[in-house]
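Participant: Quick one: this structure, given as structure tokens, is what I'll be asking you about.
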Amino acid sequence: MLRKMIFLCVTLVFGVSGTCLDPNEKELQGICFHYVKLNMTYDDARDWCHYKNPVTPSYLAIVKNQFTANFLASYARNAFETGDGAFWIGLSRLHNWNQWTWDNGVLLDGWSNFDSQQGKTQAGEKISNGQWTTFDGTEKMYFACSYDPKIPPTFAPITTTKPPTTTTTTTGKPTTTGE
């Protein structure tokens, strides 16, 4: 009886794997990557990952090391059916002089995979070699999203504020002053 309970506990603890929520996604080191073959600007791609991913909310792809960069580029060739071009990853900065920040808010620190082109504010990864290059964000490219299947991110809903409208109505007859 005790053996069965221990086995059950071990199965529950270790049997809950971090497998991806969609069988078409690729998992590496506990992170799932979702390749999206839609041409979008950087902001639209990020919003798609955050709010429109039918699997779960996610980030634009976060690339933690060279192994991950190579992995992403390798699968991008198949997913996007090309060996050229680049796709959006979740790395950006507000201005040329600001530090690079991942879509999850973590600063790029230590490891970097940039080629010599760092003059713009959003990063894409080259499909041919896995290196990062910069864009101004208005280009439309395919992209990859990423999430931890054990702890998917959550995002506040998009809110749009419209200016209030006021309607003025008058009732009764206008009054006149005069002689």
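FYI, in mature numbering (1 follows the signal peptide of the UniProt record, and there is no 0) the residues of the sequence shown are -18 to -1, 1 to 161.
Just so it is clear, CB atoms sit at the ideal spot from N, CA and C, and this is done for glycine as well.
#1: Please list, in chain order, all residues of the same chain as T23 whose beta carbon is under 8 Å from its beta carbon, the five residues on each side excluded.
#2: How long is the line joining the alpha carbons of F69 and F125, rounded to whole angstroms?
#3: Ignoring anything shorter than 4 residues or poking outside the stretch 35 to 119, list the alpha helix (DSSP H) runs there in chain order.
#4: With burial defined as no fewer than 16 other Cβ atoms inside 10 Å of the residue's Cβ, what is the status of Q81: buried or exposed?
#5: Let's test the definition: count the other Cβ atoms within 10 Å of the Cβ of P131 and tell me whether it reaches 16, buried, or not, exposed.
#6: Compare the C-alpha of Y57 against each of P134, N95, F15 and V88 and name the closest.
#7: Run the CB neighbour count on Q11, radius 10 Å, all protein chains shown included, and call it buried at 16 or more, exposed below.
#8: If you follow the beta strand (DSSP E) that A126 is in, where does it begin and where does it stop?
#9: Using DSSP with H/G/I as helix, E/B as strand and the rest coil, what is C2?
#10: Would you kindly check if the distance between the Cβ of P135 and the Cβ of H32 is under 9 Å?
#11: Are at least three pairs of beta-carbons, each pair with one atom in the stretch 80 to 95 and one in the stretch 47 to 67, less than 8 Å apart?
#12: Hey, out of L20, D29 and L3, whose CA is closest to A138's CA?
#13: On a CA-only basis, which of R75, L20, D25 and N35 is nearest D4? Give me that one, please.
#14: From K102 to H77, what does the alpha carbon distance come to, in whole angstroms?
#15: Between the alpha carbons of D25 and L90, how many angstroms are there, rounded?
#16: Would you call T1 buried or exposed, if buried means 16 or more other Cβ atoms sit within 10 Å of its Cβ?
#17: With 16 other CB atoms within 10 Å as the buried threshold, where does G106 fall?
Facilitator: Checking against the coordinates, here is how it stands:
#1: The residue given as residue 23 occupies position 41 in the sequence shown. For T23, where only same-chain residues beyond five positions count, the Cβ hits under 8 Å are G119, T120, E121 and K122.
#2: Position 87 of the sequence shown, counted from the start, is the residue given in the question as residue 69. Position 143 of the sequence shown, counted from the start, is the residue given in the question as residue 125. Roughly 5 Å separates the two Cα atoms.
#3: 48 to 61
#4: The count along the sequence shown starts at 1 and reaches residue 81 at position 99. Classification of Q81: exposed, given that the 10 Å Cβ count is below 16.
#5: Counting from one through the sequence shown, the residue named residue 131 turns up at place 149. Buried is the call here.
#6: As a position in the sequence shown, residue 57 is number 75, starting the count at 1. Of the candidates P134, N95, F15 and V88, the one whose C-alpha sits nearest the C-alpha of Y57 is F15.
#7: The residue labelled residue 11 in the question sits at position 29 within the sequence shown. Q11 comes out exposed.
#8: Your numbering for residue 126 matches position 144 in the sequence shown. M123 to Y129 is the span of the beta strand (DSSP E), which, as asked, contains A126.
#9: As a working mapping, residue 2 is identified with position 20 in the sequence shown. Looking at C2 - three-state DSSP - the assignment turns out to be coil, as it is neither helix nor strand.
#10: Numbered from 1 along the sequence shown, position 50 holds the residue referred to as residue 32. Numbered from 1 along the sequence shown, position 153 holds the residue referred to as residue 135. Cβ atoms of H32 and P135: closer than 9 Å.
#11: yes
#12: Residue 138 sits at position 156 when you count from the first residue of the sequence shown. Measuring from the Cα of A138, the nearest candidate turns out to be D29.
#13: As a first step, residue 4 must be located in the sequence shown, where it is residue number 22. Comparing Cα-Cα distances from D4 to each of R75, L20, D25 and N35, the minimum goes to N35.
#14: Your numbering for residue 102 matches position 120 in the sequence shown. Your numbering for residue 77 matches position 95 in the sequence shown. Each residue's Cα considered, the two are about 8 Å apart.
#15: Start at 1 with the first residue of the sequence shown, and residue 25 comes out as number 43. Start at 1 with the first residue of the sequence shown, and residue 90 comes out as number 108. Each residue's alpha carbon lies about 19 Å from the other.
#16: One-based indexing of the sequence shown puts residue 1 at position 19. The residue in question, T1, is exposed, as its Cβ has fewer than 16 Cβ neighbours within 10 Å.
#17: If you number the sequence shown from 1, residue 106 lands on position 124. With 16 or more other Cβ atoms within 10 Å, it is buried.
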